[in-house]
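Everything below concerns the one structure shown next.
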Amino acid sequence: MKRLTVLFLFSYLSLINCGSGPSQDLSGLLLLLAGGGGNSFHCGQTVANPVSFASANGNFVDETSLLTALGGDNCSTPSLTNNENGTVIDATNKFLWTLCVIDGNTGSPHTYSTPNCGVFTGADVGYDQSGGATVCSNLTYAGHSDWILPDAIQLHVLRTASTPFALGAFGSANNSIADGGTPVWSSTIISSSLGITPLYEANNVFQAFTVTSVSQAIVICMAKL
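Here the sequence shown stands for residues 1 to 225, numbered as in UniProt numbering.
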């Protein structure tokens, strides 16, 4: 039966791609058989915003309790590769990240020059949560225009409990998320008016701010692969 299915798929792809070269047909068939090219699930928050969870502006938030309220941490341990172009790929969770934070003056990531990001500016914390979501959705970078503001669980993937408190290049690059201890905006909203900002430091993991707060958090963006 499996052999017949393969033959059928190959014939079907040949018909719809009659003007294409054989290598394109074969690659399409292999991708389909492997289940690639259409990953319908990406890990992250499964409870819709606003999530029922009590906190107050500026308060640190308990890690375990928040992750449970968001539906549970369903992400896997990431496999991160620095693409050396200002992006990092997580092959396990199928995410592409901007390594450098969004420059508040340009709306694009700070310039990456191996192995570091460009220096922070005061404008980098000029975004509220909505502004962070907008700058990501408007971003065209590294061949992608499908960037989003990640949720709190997705950003939590990048955290490690030991110094430098962020994994891979996020922990080693100057002026990335672990450098400076500044919170990072997520798309997660609790109790209608509070946004969650992950931190990459020793003692605290999440902090809540009103969604309209500025001068509190930086922004990185993510694309789903």
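C-beta: ideal position from N, C-alpha, C; glycine also.
Limits of the beta strand (DSSP E) - the one that residue i falls within
i           : result
L194        : L194 to P198
F41         : Premise fails: F41 is in no beta strand (DSSP E) and is neither H nor E.
Q154        : Careful: Q154 lies outside any beta strand (DSSP E), inside the alpha helix (DSSP H) at A152 to H156.
T81         : L80 to N82
F206        : F206 to T210
residue 278 : A question about residue 278 goes unanswered here, because the residues of the chain that appear run from 1 up to 225.
8 Å Cβ cutoff met for residue i and residue j
i    : j    : result
G44  : D146 : no
C117 : S176 : yes
N93  : V184 : no
F53  : I190 : yes
A208 : V61  : yes
P198 : L155 : yes
T134 : N49  : no
T182 : I218 : yes
Residue i classed as buried or exposed, judged by whether at least 16 other C-beta atoms fall within 10 angstroms
i           : result
residue 227 : Residue 227 lies beyond the range of the chain shown here (1 to 225); nothing can be said about it.
T106        : exposed
P115        : exposed
V119        : exposed
G58         : exposed
A91         : exposed
V205        : buried
A166        : buried
Residue i: CB within 7 Å of a non-hydrogen atom of the ligand FMN
i   : result
N57 : Because no ligand of any kind appears in the structure shown, any question about the ligand FMN cannot be addressed here.
Delimiting residues of the alpha helix (DSSP H) encompassing residue i
i           : result
residue 237 : Look at the range of the chain in this structure, 1 to 225, and you will see that residue 237 is not part of it.
*Unbroken alpha helix (DSSP H) runs of length 4 or more, entirely within the segment 91–149: which are they?*
Taking only runs of at least 4 residues, the alpha helix (DSSP H) segments lying wholly in the segment 91–149 are 129–137.
*Please confirm if the segment 206–217 is in contact with the segment 127–143, defined as three or more CB-CB distances below 8 Å between the two stretches.*
Enough Cβ pairs lie closer than 8 Å, so yes.
*May I have a chain-ordered list of the alpha helix (DSSP H) segments no shorter than 4 residues that lie completely inside the segment 161–192?*
Whole alpha helix (DSSP H) segments, 4+ residues: 168–172.
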